[in-house]
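Notes follow the structure.
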Amino acid sequence: MTMIAVLDKTPGNAADHAAFLTALRQQGFEGEIGTTHDTRLVHATDNSIYQRHPEAVVFPRHRQDLIVLARLAGEPVWRGITIAPRGGGTGTNGQSLTDGIVVDLSRHMNAILEINVEEKWVRVQPGVVKDQLNAAIARHGLFFAPELSTSNRATIGGMISTDASGQGSCTYGKTRDHVLGVTAVLVGGDVLDTSPLDESELAVRRQGRSRVAQIHDCVASIHDRERDTIEEMFPKLNRCLTGYDLRHLRNEAGQFDLTSLLCGSEGTLGFLAEAKLNLLAIPPYSILVNIRYDSFMDALRDARALIGLKPLSIETIDSKVLGLAMQDFVWSSVESYFPQDEAGPAKGLNLVEFAGHDEAELEWQVEGFLEHLRQDQTVRRRGHTLAVGRAAVSQVYAMRKRAVGLLGNVQGEARPQPFVEDTAVPPEKLADFIAEFRALLDGHGLDYGMFGHVDAGVLHVRPLLDMRNPDDAALIRPLSDAVHRLTRRYGGLLWGEHGKGVRSEYVPDVFGPLYPCLEQIKGVFDPHNQLNPGKIAAPPGASAPLLRVDDVPMRGAQDRQIPDPVWQGYGTALHCNGNGACFNYDQDDPMCPSWKATRDRRFSPKGRASLMREWLRLQAGAGVDTAALEAHTPSLLSRVSAQFRRRQNTPVDFSHQLYDSLATCLACKSCTSQCPVKVDVPDFRSRFLNLYHQRYARPLRDYVVGLIEYTLPLMARMRRLYNAVVSLKPMAALGKTLLGLVDMPSLSRSGLAETCRRWHVQPATPERLVALTEAERAGSVILMPDLFTRHFEAHLVEAFIELAARCGYRVYLAESLACGKPLHVHGFLGLFARQARRNAAWLRILASFGVPIVGLDPAMTLIYRQEYRKIAGLEALPEVQLPQEFLLHALPRMQDAPQAAASFVFLGHCTEKTALTGSGADWQALFARLGLGLQLEKTGCCGMSGTFGHEARNVETSRVIFEQSWGPHLDRQGEKIVLASGYSCRSQVKRFRGARLDHPLVALLDRLRDIAPESTRPV
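Sequence positions in the sequence shown follow the working numbering and run 185 to 1203.
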């Protein structure tokens, strides 16, 4: 059985769009234009339930590209072309989804243009990420206020387009409250600059026949004519009405300003090219009061009184979100703030923040709040804790920010779905409103999770639905209608935070007599309904109606085409909900380095999961049973024939687009822990490569790398010859040409035999281990070094042996196993499974003697806990410890050890620090025992990741990744001694900085030699 080619067919009126894109390039558009199926597919979804396939995606490089695009679209011949801008792609209601052309402003237009510290404002391009901006201005003591849970990937353009807000909005307001002006490019190519205008300036702007003049005249006339109706129709809510905000067209000084009109317009009026933003001084002092409750409703009812005590914000979390957080890596950093009692975890939380510029005043305010908690008996509270200081407060909020993603990680096919999840009602009515909301969902037999901003009357409620089930999908309409009616009855809105998007069908009802005004505004900005049509309003007489919640294609309809056995087998890859946590801009965060280096969304966990889902759907449509293929062992003949089937000689096959996306994956496994849904890209990458190469030839490089563990012992016997060969420039060039491999490392000289003799190390054989007494076993350790450390860094094997021996342990040296990591990474899954089972049998024998087993390299050691345990029968495999895990029990605390003058900095390995979040702290504790200080440096990926950086196709990407995080960190360390736990990391530093980093083991051993030269030796 083999896969069959699946042709990439473009839906829709492809010819018109192809002609438009050709004309666009001819007009001087300098950005990229993407028309391949994979590029369009990753822009077909956001964080909503919808999936709309665009005809193309364009990536403007600058404002002039936007002008060229808008001018061309405004020509009469192209009025059938529709365009929608896109930022971070984290919208929950399909705001940026279109079946026309997506204009992605995040890839190139992401520069901070000007920072004015004295006047506290900044100019930015629309693709700048909120956290990116705040990181740049923090050194000036400033910040951009609107706080979002998606702040590490939400763009400023997206925030403006949805008038975004979140935690602290009752104090800081919404995005529009901090936008001083925007530059927008209109259809036809005109440029609109907004700013407050007095009456004389407005009069000038209204004169003439230009598009800009027509806009000012139309909008000013509407505001003057409908002022009383506007005041009556706009609800008096913190969240007010997003989009076409007529109420705030004039400021308190009476100046007219179109800025508020564009804030929340969701790309329906023009393209944001630039924004000028107001900045605030960072409050230096903050305290978060974490209150625990017996029920979520108690938390909501209590918030009524707590609001009156004037905190900066009140955030709430229900038991479902809290339970999911407890299973996430983030919990280790916040667990102490949420202690459990005999009744178990809390059922609801209120996180109440106080912040200010005067520490004494802040403490006085918090003490008054705590006194209220002590005296008030209207609600039963379990207790509270305090997080004091910005660092502690940020830790707790990091857990709260992950809530939206964590909800996607519930088990089962029914998952929380965003479509009625940002309702806003007056805060004093919130508890009663939620009681009815819950009754509505309970009446349909639905589960749900809740969290939100109780001080603003906004609660995020996500019903659990299986969107592959047509019956569940059919609930979108009745639930949306019912919740809309419920919010109106309580004086609120269906959308309080996340914009309208596909929910625009409810706009006429909400705006009532003002809706014709919205139509007029849309008409003067976009007369032919080309900009993101169907959202918010349509021009008068437009043929395209507003979108309806159940008429837009949903992802579930596509997913339904994937057979259940396949769907179940690929788990988290297919449950990616599009929350976009993998688009984290932070270069010092390990999440998806290939995305950070390329800014190409195909090369992100979300992009790869989307492409994998599509590939499985296309295979099913072509009658290919991928589940059967995975269980099938290809014959020798079919394997051989595949080696002669080159992809360039095949028809257009979506398999190749998926292959190219996965080829950029470093298999660093950060996504498996950092992603809230735990999407495991390396896992499905290996599975895909296993299938792909049943049909298409493998490059010779795959065989060399995949089987390298088996050839290392042979190369070690010819160490001098090997080292001489890899050092020759002609041979290096030949290796690059033939194998696609560069910068191959040299084998190390081993003094292991002498070390073993000196420290009485013996082979770890069953015969020796079985003879040990119980006391001897307690003082023994089995070292099982991986083959890479054994042959490329033999001194680390020697260092561990001496360190363990000096701690009083007898070391038994196990045979270095071919763990199979390279096999797994390159999709040799049959060979990998066989090797894993052989190794598992040996590990079980060793573990049966009750002696701890220790590996050295994180990536090669953690495979026993991760990939091995996914193989049937290996789920309960004995644990192989990392060095620091063993030393926490073995290394004694030197009470009299003097504090050393040397200053050490630790850079962790991606796989290690994301899989074991306390790894860095473990090393820190070990150093402290010997009087050493160890600074934990927050870094992203080094860019090597096994053999990724040695592959010629990845060298430039590898370099970019290194220079984004590791390079700058190394360059500013000065005299500090930098340590790294990963072999790949140390190799990368040697390659790009010519520096040799040591492993923490070496530093610990050197210190132990200094302060305890006569350490106990085994006899």
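Ideal Cβ placement from N, Cα and C applies to all residues, glycine included.
The alpha helix (DSSP H) enclosing residue 743, as first and last residue numbers: 739-743
Expected contact under 8 Å - CB spacing of residue 213 and residue 241 to nearest Å: At roughly 13 Å, the Cβ-Cβ gap does not stay under 8 Å, so residue 213 and residue 241 are not in contact.
Cα separation between residue 706 and residue 456? 16 Å
Review point. Any idea what DSSP makes of residue 189, helix, strand or coil?
Key: In this prediction, residue 189 scores a pLDDT of 47, lower than 50, which makes its location untrustworthy; the coordinate-derived value is nonetheless stated afterwards. Of the three classes helix, strand and coil, the one that applies to residue 189 here is coil, per DSSP.
| field | Contact between the region 714-730 and the region 448-463 (3+ Cβ pairs under 8 Å) | value | The region 714-730 makes contact with the region 448-463, as at least three CB pairs between them are under 8 Å.
Problem set entry | C-alpha distance - residue 878 paired with residue 534, whole-angstrom precision | 54 Å
* From residue 919 to residue 882, what does the alpha carbon distance come to, in whole angstroms? -> Those two C-alpha atoms are separated by around 17 Å.
> Comparing alpha-carbon positions, which option in 459, 567, 472 lies nearest residue 482?
Replying inline: Out of 459, 567, 472, 567 has the C-alpha closest to the C-alpha of residue 482.
- List the residues that DSSP assigns as beta-bridge partners of residue 313. 339
Report the option in 869, 837, 1179, 863 whose CA atom is closest to the CA atom of residue 848. For the residues 869, 837, 1179, 863, the minimum Cα distance to residue 848 belongs to 869.
Write down every uninterrupted run of the alpha helix (DSSP H) in the region 919-949 whose length is 4 residues or greater and which is fully enclosed by it, in chain order.
Counting whole runs of 4 or more residues, the region 919-949 contains the alpha helix (DSSP H) stretches 936-942.
_Which listed residue (745, 867, 791, 862) has its alpha carbon closest to that of residue 807_ = 745
(Q) If we require 4 or more residues per run, which alpha helix (DSSP H) segments fall completely within the region 1127-1185? (A) 1139-1148, 1150-1155, 1167-1177
Original post:
Any idea which residues DSSP pairs residue 803 with across the strands?
Top reply: Note: residue 803 sits in no beta bridge, so no partner.
Practice task
Could you give the DSSP three-state label for residue 893: helix, strand or coil?
Solution key: helix
* From what residue to what residue does the beta strand (DSSP E) around residue 729 run? -> For residue 729, there is no enclosing beta strand (DSSP E), since its DSSP letter is neither H nor E.
Tell me, please, whether the region 593-601 touches the region 637-654 by the rule of three or more beta-carbon pairs shorter than 8 Å.
yes
**Prompt:** Excluding five sequence neighbours on each side, which residues of the same chain lie with their C-beta closer than 6 Å to the C-beta of residue 785?
**Reply:** 226, 791
- Task: Return the chain-ordered list of same chain residues with a C-beta closer than 7 Å to the C-beta of residue 370, the five sequence neighbours on each side being excluded.
- Result: 254, 376, 395, 454, 709
DSSP three-state assignment for residue 499, whether helix, strand or coil | Here residue 499 sits in strand by DSSP.
Residue 903 versus residue 1116: straight-line alpha-carbon distance, rounded:
37 Å
Within a Cβ cutoff of 6 Å, which residues of the same chain sit near residue 334, ignoring the five residues on either side of it in sequence? If the five residues before and after residue 334 are omitted, its C-beta is found closer than 6 Å to the C-beta atoms of 274, all from its own chain and listed in chain order.
*For residue 853, write down the residues that DSSP places opposite it in a beta bridge.*
Answer is none; residue 853 lacks a bridge partner.
query: At what residues does the alpha helix (DSSP H) containing residue 874 begin and finish?
result: 865-879
Please give the ranges of any alpha helix (DSSP H) in the region 744-778, keeping only runs that are unbroken, at least 4 residues long and fully inside the region.
748-759
### Query
Just to confirm, are residue 278 and residue 266 a CB contact at a threshold of 7 Å?
no
Please state if the CB of residue 1003 and the CB of residue 970 are separated by a distance shorter than 7 Å.
-> yes
**Report entry** Per DSSP, cross-strand counterpart(s) of residue 1087
**Finding:** 1117
Residue 170 versus residue 271 - alpha carbon distance
Any answer about residue 170 is impossible in this case: the structure gives the chain only from 185 up to 1203.
Point to revise | residue 887 classed as buried or exposed, judged by whether at least 16 other C-beta atoms fall within 10 angstroms | key: Exposed, since its Cβ has fewer than 16 Cβ neighbours within 10 Å.
Requested in this report: Classify residue 531 as helix, strand or coil using the three-state DSSP reduction.
Outcome: Residue state, collapsed to three classes: coil.
Report task. Check whether the region 1078-1097 touches the region 1152-1164, counting contact only when three or more Cβ pairs, one atom from each stretch, lie closer than 8 Å. Result -> yes
Problem set entry | Of the residues 701, 873, 760, 766, the one placed nearest residue 810, counting alpha carbons only | Comparing Cα positions, the closest option is 873.
Mark residue 901 as exposed unless 16 or more other C-beta atoms lie within 10 angstroms of its C-beta, in which case mark it buried.
exposed
### Query
Buried or exposed: which applies to residue 664, given that a residue is buried once 16 or more other Cβ atoms fall within 10 Å of its Cβ?
buried
Those runs of the alpha helix (DSSP H) which lie wholly inside the region 989-1015 and span at least 4 residues
1005-1009
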